[in-house]
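Protein chains in written order, with the numbering used here: chain A, 27 to 364; chain B, 86 to 681. In what follows, a structure is listed as structure tokens, so that the remarks can point back to it.
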């Protein structure tokens with residue numbers, strides 16, 4: 027596919043905040059300019075269909091590519107989805123999400139409608155942010171929309187017509203460079219310059235999510251010395267104040283947030299587990315000490331191997347979504363208003 | 086754009102041909118917004134307009150029963166470009182409910198973070214989203230005669246910004262190939278670094294808590310911010326004159342363009358940046374500390390200041406149902422019958438509202454929106470205030486009150502706001518003055534955006550001075566402990582980048598019993614209410630004359646899009662709008678934001 031143009035079709039119209047679209051404008055490794063202008067060696071031609079920075083004013087002119095893709099006239103394309111997927115089956119009529127109208131209709135095409143239309147033809151699906159990947163904030167207990175992630179909607183074993191599993195880059199919002207780097211990888215793969223993207227069991231690029239927050243946190247030294255913060259403005263380890271860093275897969279403290287600046291526990295913000303399938307419910311209330319925290323912080327150091335085993339156990343739980351994120355006509359989030 | 090001819094209609098004696106045109110979704114905004122119009126090409130005017138946004142998430146529903154300390158972590162996720170404004174507003178509301186006053190250092194750090202947010206967000210929106218509507222490619226496609234004028238128009242401030250003609254400025258705004266466009270992207274990144282220094286992560290902060298911030302105050306922290314800020318100040322010295330040239334040109338090139346997006350002056354601003362010397366987060370002192378905010382709260386009607394009292398502003402908020410997909414809450418419990426000062430609180434106030442979603446087919450004649458209609462009641466009328474995209478209302482309100490004086494960096498005079506920027510690498514000190522404009526219209530909303538960027542840069546200098554004062558005195562604590570009461574109420578007021586933002590919380594049994602955020606886009610994009618008052622977009626779009634030179638066959642709709650984008654629509658906050666035919670406008674706008 028070295029000579030072909032890869033179309034990137036981006037639909038931010040799930041239950042989202044658009045924070046993952048905004049994040050891509052922050053990326054510098056690579057930047058959106060570098061990708062769009064083909065300023066990195068080996069990049070195939072790329073055409074973005076992305077509402078946030080689209081030149082056209084919108085409407086049919088903008089949606090044309092999406093309908094072409096549905097008809098199989100736009101090959102290859104990467105479908106980027108942003109936002110959790112509302113369960114549109116749980117109500118009698120209307121819609122929770124909409125993105126343009128169906129031709130000949132005055133009603134919106136829902137987010138899940140677009141996924142149904144485009145997923146069979148996509149070269150790959152890239153789910154950006156924790157809402158799209160696993161459900162995230164809008165799939166919290168008690169939600170009225172039956173929100174879920176793409177893995178719940180299409181199935182955890184789903185593969186594209188080209189044999190590519192769903193690529194999930196979680197984060198709330200997504201880390202800017204984690205996103206642009208993954209896009210770059212997929213483009214290289216599409217051009218035949220990189221092998222199949224390596225993903226972990228939850229669809230995450232394994233080179234980005236193979237380590238814990240704690241392993242990359244510059245406050246881990248305090249942990250090792252048994253120096254724990256009792257107030258939030260302390261420079262010491264925040265694990266007793268609600269930080270889940272030891273059991274959360276994420277590279278943010280190591281990478282910083284943007285240009286190496288910022289992050290979470292490394293700069294005074296507790297890790298609330300926003301990259302994990304169990305987010306947010308399994309981490310709330312956020313400001314309480316995690317259940318495993320007491321024990322592991324007591325035994326820190328000497329019993330490293332034991333601690334690692336216990337953490338793996340906790341991590342496996344947090345890597346699972348709550349039971350109410352699923353398809354079907356029944357809403358099981360606890361909300362009873364409909 | 087979808088185009089459909091409608092049967093000829095007769096308006097007065099002149100036959101006119103209405104053409105139905107739609108843009109759904111419209112681009113270069115945050116979120117999904119559809120615009121449905123009928124255009125009269127004979128009269129060159131928009132006859133009718135519906136705007137619709139189509140997402141419901143349900144924040145006020147799923148927050149019930151949750152730990153109140155989680156509120157800002159959750160509500161930040163309402164918006165992906167100004168989530169931190171929600172986070173801050175929620176922290177303010179929690180501070181009131183928990184009875185905690187953060188150390189001064191915590192407030193200066195939060196102010197610095199918020200200043201960076203305004204500097205980033207207004208910048209990227211202005212140059213990379215709005216700017217494209219004024220770029221060479223767009224102007225050549227929509228108004229070739231304006232492009233010809235622009236090529237001959239010398240830029241009055243060419244010596245400052247380096248672009249010889251207005252056409253050169255337009256070329257610099259072309260997406261990706263334009264140098265000013267690309268420079269703005271780079272600036273949007275280091276301003277986000279400034280933000281992350283103070284609040285950890287953009288756009289959902291990691292370091293904010295009720296009681297203050299987890300950010301550790303050090304010499305390095307503030308120096309890292311300072312150096313980036315001075316680079317931004319250098320940029321502002323170019324950016325403001327450049328935009329004055331561009332927008333002034335538009336008035337000259339197309340007489341009558343002042344009516345693009347024009348509406349009656351009805352502006353709301355809920356104030357921004359606390360002064361820790363005065364703000365104790367108690368409701369009973371809110372009138373006082375609200376007036377000490379570094380952007381003054383205010384309601385401005387027909388160019389006159391109605392009030393700058395946050396208590397009065399709070400009590401005046403009414404949430405009307407409009408044509409939204411919600412059931413009324415008649416007969417449901419009133420959580421807060423009286424405020425802590427003993428004033429009665431209306432049933433339609435955010436403290437007392439209930440969210441009862443009922444999804445329906447979209448029907449512009451009936452219900453078609455996930456947004457209700459917020460209004461501000463002045464004792465006589467339910468006013469459809471707008472925010473003008475935030476900046477214009479903040480400058481107008483601050484200017485008229487004449488209260489702000491940040492040690493000479495920023496000074497409000499009663500009719501203007503003076504902004505003084507110090508010497509930087511390439512230039513000496515520069516002063517700007519934003520003067521109250523003649524109109525609340527598209528071009529002035531856009532101009533104010535750039536001036537407010539300069540305002541925030543100057544304000545950040547003041548906040549840095551104060552932060553260093555604390556640091557050098559050894560007062561580095563930035564967080565204060567608190568406990569969560571079983572029963573409490575709280576409210577927070579600030580300015581999201583695109584305008585007014587309030588959060589109202591009711592706590593019972595130590596859990597959230599009711600929580601309602603009201604962000605700016607619902608205020609701007611709401612529908613006609615039960616009193617027949619149209620929402621702000623309706624006025625603005627309805628009055629908009631068509632200057633585009635393309636006829637119906639190749640019409641792009643640039644004038645309409647400029648009017649809509651001037652409000653900086655941010656759809657995660659929700660927009661549904663319906664403008665009825667010709668003279669009367671039936672509008673339903675339900676901001677997602679209250680729910681989410």
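We treat Cβ as the ideally placed atom computed from N, Cα and C, and that holds for glycine. All of these numbers come straight from a predicted model, not from anything done at the bench.
By the criterion of Cβ-Cβ separation under 8 Å, what are the contact partners of residue i in chain B?
| i | result |
| --- | --- |
| residue 261(A) | 301 |
| residue 154(A) | Going along chain B, no residue has its Cβ under 8 Å from residue 154(A), so there is no contact; the nearest lies around 11 Å. |
| residue 45(A) | 162, 164, 165, 166, 168, 288, 289 |
| residue 221(A) | Here the premise fails: no neighbours, minimum Cβ distance about 31 Å. |
| residue 103(A) | By Cβ distance, chain B contributes nothing, its closest Cβ being about 18 Å from residue 103(A), past 8 Å. |
What does residue i touch in chain A if you count any residue whose Cβ is under 9 Å from its own?
| i | result |
| --- | --- |
| residue 281(B) | 282, 283, 284, 285, 287, 288, 289, 293 |
| residue 151(B) | 166, 167, 168, 310, 311 |
State the CB to CB distance for the pair residue i and residue j, rounded to an integer number of angstroms; the pair is presumed to be in contact (CB under 8 Å).
| i | j | result |
| --- | --- | --- |
| residue 553(B) | residue 379(B) | Between residue 379(B) and residue 553(B) the Cβ distance is about 17 Å, and since that is not below 8 Å, they are no contact. |
| residue 228(B) | residue 527(B) | Actually they are not in contact, since the Cβ atoms of residue 228(B) and residue 527(B) sit about 15 Å apart, beyond 8 Å. |
| residue 354(B) | residue 482(B) | 4 Å |
| residue 58(B) | residue 384(B) | With chain B running from 86 to 681 in the structure shown, residue 58(B) is simply not present. |
| residue 103(A) | residue 213(A) | Going by Cβ atoms, the distance from residue 103(A) to residue 213(A) rounds to 12 Å, so no, they are not a contact pair. |
| residue 386(B) | residue 468(B) | 7 Å |
Evaluate residue i with the Cβ neighbour count: other Cβ atoms within 10 Å of its Cβ, from every protein chain shown; 16 or more gives buried, anything less gives exposed.
| i | result |
| --- | --- |
| residue 454(B) | buried |
| residue 332(A) | exposed |
| residue 123(B) | buried |
| residue 113(A) | buried |
| residue 66(A) | exposed |
| residue 426(B) | exposed |
| residue 210(A) | buried |
| residue 99(A) | exposed |
| residue 548(B) | buried |
| residue 422(B) | exposed |
| residue 137(A) | buried |
| residue 446(A) | Lying before the first or after the last residue shown, residue 446(A) is absent from chain A, which here runs from 27 to 364. |
| residue 502(B) | buried |
| residue 415(B) | exposed |
| residue 659(B) | Note that residue 659(B) scores a pLDDT of 45, beneath 50, so its modelled location is shaky; the value from the coordinates is reported in the next line. Buried, because 16 or more other Cβ atoms sit within 10 Å of the Cβ of residue 659(B). |
| residue 513(B) | exposed |
| residue 92(B) | Residue placement at residue 92(B) is flagged as unreliable, the pLDDT there being 49, under the threshold of 50; the coordinate-derived value follows with that caveat. By the neighbour-count rule (16 or more Cβ atoms within 10 Å), residue 92(B) is not buried but exposed. |
| residue 560(B) | exposed |
| residue 456(B) | buried |
Can a CB atom of chain C be found closer than 7 Å to the CB of residue i?
| i | result |
| --- | --- |
| residue 75(A) | This model lacks chain C altogether, as its protein chains are A and B. |
Run down chain A in chain order and give the residues with a C-beta less than 8 Å from the C-beta of residue i.
| i | result |
| --- | --- |
| residue 575(B) | Under the 8 Å cutoff, chain A gives no residues; its nearest Cβ is about 17 Å from residue 575(B). |
| residue 563(B) | 259 |
| residue 260(B) | 79, 81 |
| residue 551(B) | None at all; the shortest Cβ gap to chain A is about 17 Å. |
| residue 267(B) | 59 |
For residue i, which residues in chain A fall below 7 Å Cβ to Cβ?
| i | result |
| --- | --- |
| residue 142(B) | 41, 164, 171 |
| residue 292(B) | 293, 294, 295 |
What does residue i touch in chain B if you count any residue whose Cβ is under 7 Å from its own?
| i | result |
| --- | --- |
| residue 51(A) | 209, 270, 273 |
| residue 251(A) | What residue 251(A) touches in chain B: nothing, since even the nearest Cβ is about 17 Å away. |
| residue 127(A) | 109 |
| residue 361(A) | 146 |
key: Length-filtered (3 minimum) beta strand (DSSP E) runs lying within the region 151–225 of chain A   = As far as the region 151–225 of chain A is concerned, its whole beta strand (DSSP E) runs of at least 3 residues are 193–195.
query = Three or more C-beta pairs closer than 8 Å, one from the region 243–250 of chain B and one from the region 140–159 of chain B: is that the case here?
reply = For the pair of segments examined, the region 243–250 of chain B was found not to touch the region 140–159 of chain B: the number of CB pairs separated by less than 8 Å stays below three.
message = Pairs of beta-carbons, one from the region 234–243 of chain B and one from the region 245–254 of chain A, closer than 8 Å: are there three or more?
response = Verdict: no, contact absent.
query = Do three or more CB pairs link the region 128–147 of chain B to the region 163–176 of chain A at distances below 8 Å?
reply = Taking 8 Å as the limit for Cβ pairs, the verdict is that the region 163–176 of chain A does touch the region 128–147 of chain B.
Whole beta strand (DSSP E) elements within the region 331–380 of chain B, 3-residue minimum = Listed in chain order, the complete beta strand (DSSP E) runs (minimum 3 residues) inside the region 331–380 of chain B are 351–354.
message = Counting beta carbon pairs with one atom in the region 552–570 of chain B and one in the region 333–340 of chain B, are three or more of them shorter than 8 Å?
response = Because the criterion of three Cβ pairs below 8 Å is not met, the region 333–340 of chain B and the region 552–570 of chain B do not touch.
inquiry  = For the structure I just gave you, are there three or more beta carbon pairs, one from the region 529–539 of chain B and one from the region 319–327 of chain B, closer than 8 Å?
reply    = Short answer: they touch.
ask   = If you pair each beta-carbon of the region 341–357 of chain A with each one of the region 172–185 of chain A, do three or more pairs fall below 8 Å?
value = Using a C-beta cut-off of 8 Å, the region 341–357 of chain A makes contact with the region 172–185 of chain A, since at least three inter-stretch Cβ pairs fall below that distance.
message = Using a Cβ distance threshold of 8 Å, determine whether the region 195–209 of chain A contacts the region 273–288 of chain A, with at least three qualifying pairs required.
response = The count of Cβ pairs closer than 8 Å, one atom from the region 195–209 of chain A and one from the region 273–288 of chain A, reaches three, so the stretches are in contact.
key: Validate contact between the region 286–298 of chain A and the region 269–285 of chain B using beta carbons, cut 8 Å, 3 pairs   = They touch, by the three-pair rule.
task = Mind the definition here: the region 143–152 of chain A touches the region 186–201 of chain A only if three or more C-beta pairs lie below 8 Å; say whether that holds.
result = Result yes; three or more Cβ-Cβ pairs closer than 8 Å.
query = Counting Cβ pairs closer than 8 Å, one from the region 608–617 of chain B and one from the region 468–480 of chain B, do we hit at least three?
reply = Enough Cβ pairs lie closer than 8 Å, so yes.
message = Within 8 Å, do at least three Cβ pairs link the region 398–417 of chain B to the region 433–451 of chain B?
response = Taking 8 Å as the limit for Cβ pairs, the verdict is that the region 398–417 of chain B does touch the region 433–451 of chain B.
inquiry  = I want to know whether the region 208–224 of chain B touches the region 72–87 of chain A - three or more CB-CB distances under 8 Å.
reply    = Result yes; three or more Cβ-Cβ pairs closer than 8 Å.
inquiry  = Closer than 8 Å is the cut-off here; do at least three beta carbon pairs connect the region 124–135 of chain A with the region 351–364 of chain A?
reply    = No: fewer than three Cβ pairs fall under 8 Å.
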